[in-house]
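Numbering (the numbering used here), first residue to last: 74 to 584. A virtual CB, placed ideally from N, CA and C, is assigned to each residue, including glycine. Here's the structure, in structure tokens; my notes come after.
Structure (structure tokens):
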């Protein structure tokens, strides 16, 4: 059993969860569940990033202490996880002592090594991004890109990390590890960024300007800069768990790939003598009508409202089926309903009820053993073999949308098989050959449904639990065992019915 440590980005507690947060957790959960099914020992981390100027300002504006404000918003993010069926093993908060201790130890180690020094900072600062900016970050007309929000000019003493001294090493590392970042084309973006000389990294702020942060161990008059705090969560959460570090994958949004995760973090780890993660998965954004969702545009989606209306399995399926990992995807209610009605209600939900209904009508609710195999059964079994052969490699390559596309070809083929065999006609015949074919048909339908359910398990754990329950089956093995077509359902008692994906009531049109 291999160790597989995977993390999401930790969510900043300056606002409530939105669809982007939900997608990242669900994506990481699908990867985690897949690896558990493959027999790996998984450790899945998520959490909240709670220090910083924006939190201090927002808390002050609301008239509450910063810790109280962070507690409230962090609780929102934590409460979202079970609603989305997220199987995380740990939830870290950067205000926890276990995190602060490791951050201060790391800072002291780098300071003692001579990689951190004090100097005068003169430059520009984006409160929105909590990032110090350079002239090259401006637009051609001299203005600042909208993503940075309000930019202030600052002159103050601060501590710096010798980032530029490690630029040659980072370039060598990326050249030697071309698959470090997924998708691969994003590694090219990092290399493009590194064509320009790096500046040393300002890692502190004076406490007179920002109190809400972790004090530097070598100078309590300063707190550490957000990335030297937040990024360390990946390590601080497992620092007391031997054999867990390094991480297999950090799953993050593309907007925090460069420079934080692809430049700062590898260099910080290397400078501290710690091994680097296997890789960084940078996913895309969910768009609305082709543009990024944002509070200012009023098009941010509340994922829990969709869960309340359709259930978390439906939301999980849509997000994983619709998004090509690494690229952007478009979200609209119309797209969601199309996928919900066609794939889930029609193809899968209808299949489940057909299997239950006909097993109860023609076999007294007990799945029969197959009585031989003819051409139609052989074709369906062959298609399953082809689907299975593609499915696992596609999951390993993060091509979940393609894997689900292939799987639903198989699910539709089960429905087509039922139409071809027409058990409702065979059930009316007293001929022994027809009764044998009826038993084979019912057994084949049930086994094919079981296999489809097993394959869907990382994406829709709740729905697949329900399918297994109505089939009278409890999975117990790894995917290599569970994905085998072997007729193990023979003699299982099935339920009467199951409405997995009820059709939504039509919305009233606006007058």
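Candidates the options, of which the one nearest residue i by Cα
i: residue 456; options: 215, 479, 286; result: 479
i: residue 330; options: 314, 355, 317, 346; result: 355
i: residue 508; options: 305, 159, 183, 435; result: 435
i: residue 454; options: 246, 149, 172, 513; result: 513
i: residue 90; options: 378, 77, 111; result: 378
i: residue 574; options: 419, 522, 565; result: 419
i: residue 81; options: 426, 154, 450; result: 154
i: residue 444; options: 510, 181, 376; result: 510
i: residue 462; options: 128, 345, 163, 552; result: 552
i: residue 130; options: 170, 283, 192; result: 283
i: residue 357; options: 345, 343, 380, 395; result: 395
i: residue 148; options: 306, 177, 86, 201; result: 86
i: residue 305; options: 327, 279, 179, 359; result: 179
i: residue 289; options: 181, 341, 360; result: 181
i: residue 497; options: 560, 431, 545, 522; result: 431
i: residue 564; options: 199, 548, 437; result: 437
i: residue 373; options: 361, 381, 144; result: 361
i: residue 345; options: 317, 558, 177; result: 177
i: residue 192; options: 215, 198, 200, 234; result: 234
Classification of residue i by the beta-carbon crowding that lies within 10 angstroms, buried from 16 upward
i: residue 136; result: exposed
i: residue 195; result: exposed
i: residue 242; result: exposed
i: residue 95; result: buried
i: residue 35; result: Outside the displayed span of the chain (74 to 584) sits residue 35, for which this structure offers no information.
i: residue 529; result: buried
i: residue 493; result: exposed
i: residue 93; result: buried
i: residue 303; result: buried
i: residue 161; result: buried
i: residue 572; result: exposed
i: residue 166; result: buried
i: residue 422; result: buried
i: residue 122; result: buried
i: residue 407; result: exposed
i: residue 127; result: buried
i: residue 581; result: Note that residue 581 has pLDDT 49, beneath the 50 cutoff, so the model's placement of it is unreliable and the number below is only indicative. By the neighbour-count rule (16 or more Cβ atoms within 10 Å), residue 581 is not buried but exposed.
i: residue 220; result: exposed
i: residue 258; result: exposed
i: residue 168; result: buried
i: residue 270; result: exposed
Neighbourhood of residue i by C-beta distance below 6 Å, restricted to the same chain and skipping five residues each side
i: residue 231; result: 194, 275, 277
i: residue 300; result: 333, 337
i: residue 413; result: 387
i: residue 416; result: 481
i: residue 441; result: 512, 515, 516
i: residue 348; result: 319
i: residue 502; result: none
i: residue 488; result: 424
7 Å Cβ shell around residue i - same chain, five flanking residues per side excluded
i: residue 332; result: 266
i: residue 211; result: 217
i: residue 460; result: 479, 480, 483
i: residue 173; result: 287
i: residue 246; result: 339
i: residue 569; result: 429, 433
i: residue 526; result: 537, 540, 541
i: residue 199; result: 206, 221, 222, 224
Own chain residues within Cβ distance below 8 Å of residue i, not counting five before or after
i: residue 586; result: Coverage of the chain is limited to positions 74 through 584, which leaves residue 586 absent and any answer about it impossible.
i: residue 583; result: With a pLDDT of 44 at residue 583, under the threshold of 50, the predicted position of this residue should be treated as unreliable, though the coordinate-derived value follows. Cβ within range, chain order: n/a, list empty.
i: residue 363; result: 403
i: residue 99; result: 157, 159, 388, 389, 392, 393
i: residue 471; result: 104, 255, 354, 398, 399
i: residue 316; result: 76
Minimum Cβ-Cβ distance from residue i to chain D less than 8 Å
i: residue 436; result: Checking the listed chains, one finds no chain D in this structure; it contains a single protein chain.
Cβ pair count under 8 Å reaching 3, the segment 381-397 against the segment 532-551: The segment 381-397, when compared against the segment 532-551, does touch it at the 8 Å Cβ threshold.
4 or more residues per run - each alpha helix (DSSP H) lying fully within the segment 120-158: The segment 120-158 is shown to contain whole alpha helix (DSSP H) runs of 4 or more residues at 126-135, 139-156, in chain order.
Cβ contact check for the segment 251-267 and the segment 218-226: 3 or more pairs under 8 Å: The answer is no - the segment 218-226 does not touch the segment 251-267, with fewer than three Cβ pairs under 8 Å.
Cβ pair count under 8 Å reaching 3, the segment 306-313 against the segment 115-129: Yes, the segment 306-313 touches the segment 115-129.
The segment 344-359 in contact with the segment 314-330 per 3-pair CB rule at 8 Å: Proximity of the segment 344-359 to the segment 314-330 meets the contact definition, three or more beta-carbon pairs being nearer than 8 Å.
Cβ pair count under 8 Å reaching 3, the segment 197-210 against the segment 287-294: Verdict: no, contact absent.
Contained alpha helix (DSSP H) runs [length at least 4] in the segment 424-485, N- to C-terminal order: Listed in chain order, they are 448-469.
Runs of alpha helix (DSSP H) lying entirely within the segment 328-414, each at least 4 residues, in chain order: Within the segment 328-414, the complete alpha helix (DSSP H) runs of at least 4 residues fall at 338-344, 376-383, 385-395, 406-412.
Beta strand (DSSP E) runs wholly inside the segment 156-226, at least 3 long, in chain order: Counting only runs of 3 or more, we get 163-166, 189-199, 204-206.
Complete alpha helix (DSSP H) runs within the segment 494-552 (minimum length 4 residues, chain order): Within the segment 494-552, the complete alpha helix (DSSP H) runs of at least 4 residues are 496-499, 505-529, 534-543.
Sequence ranges, beta strand (DSSP E) only - wholly within the segment 220-297, length at least 3: With a minimum length of 3 residues, the continuous beta strand (DSSP E) runs that stay inside the segment 220-297 are 224-234, 277-279, 292-297.
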